[in-house]
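Report on the following structure.
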Amino acid sequence: MAETLEELQRRYPGAACSSFGDSRELSDRLLSLILSGKKVATCSALRDHDATDGPLPQARDRGIVLSWDDEPVVVTELTEVTTRRFCDVDPDFALAEGENETLEGWRVDHRAFFERNGGFSPEMVLVCERFRVIEVVGE
């Protein structure tokens with residue numbers, strides 16, 4: 164039987180809980196990419212990190228990734244956290260996100276995502292995170 168979120172939070176104290184994507188379809192797709200090992204990076208807009216949430220994530224932070232229905236799916240550990248402008252994201256990072264085959268495809272898809280979620284600018288600062296899966300819940 165899969166562990167509950169509460170059990171995971173006891174085993175990984177301080178682990179942040181988060182989900183990926185802004186729709187069930189995107190969330191399911193991104194989780195599938197994580198589980199397949201293709202997605203080992205993610206980014207978010209710096210503006211979405213509220214100072215009341217505490218400091219920005221750091222390498223070695225652990226996180227519990229939730230499904231669209233708030234069920235725990237995987238536990239990750241950050242291996243690298245950087246900030247950079249959208250226009251400065253390089254192919255290495257973009258392709259590590261596992262969603263696109265080219266930097267241009269990444270730019271198109273991420274621009275659309277940011278436009279749907281608070282606005283877009285090529286100069287916007289992103290929090291770029293690389294991670295590794297340390298546990299698949301239920302395995």
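Numbered by this note's numbering, the letters in the sequence shown go through residues 164 to 302 in order. Backbone N, C-alpha and C define an ideal beta-carbon position, used for all residues, glycine too.
Among S230, L258, T242, nearest to V300 - alpha-carbon criterion: S230
Please name the residue or residues paired with A181 in a DSSP beta bridge. Correcting the residue identity first, residue 181 is Ser in this sequence and not Ala. For S181, which the question treats as bridged, DSSP gives the partners V228.
Assuming L289 and C206 are in contact, meaning their beta carbons sit under 8 Å apart, how far apart are those beta carbons, in whole angstroms? 4 Å
Return the residue from the list F249, F276, D224 that minimises the CA-CA distance to E243. D224
Closest by C-alpha distance to S186, when choosing among D233, K201, Q221, D251: D233
Looking at the secondary structure, which residues open and close the alpha helix (DSSP H) in which R279 lies? 266-279
Rounded to the nearest angstrom, what separates R173 and E166 at their Cα positions? 11 Å
Backbone secondary structure at E170 - three-state DSSP: helix
Spatial neighbours of I227 within its chain, please: C-beta separation below 6 Å, excluding the five flanking residues on both sides. L171, A178, C180, P235, V238
Taking the beta strand (DSSP E) that E243 belongs to, which residues open and close that run? 235-248
Going by DSSP, name the residue or residues bridged to R295. E240
Are the C-beta atoms of E170 and some chain D residue less than 8 Å apart? The chain inventory of the structure shown lacks chain D, comprising one protein chain alone.
Specify the secondary structure class of L219 as computed by DSSP and reduced to three states. coil
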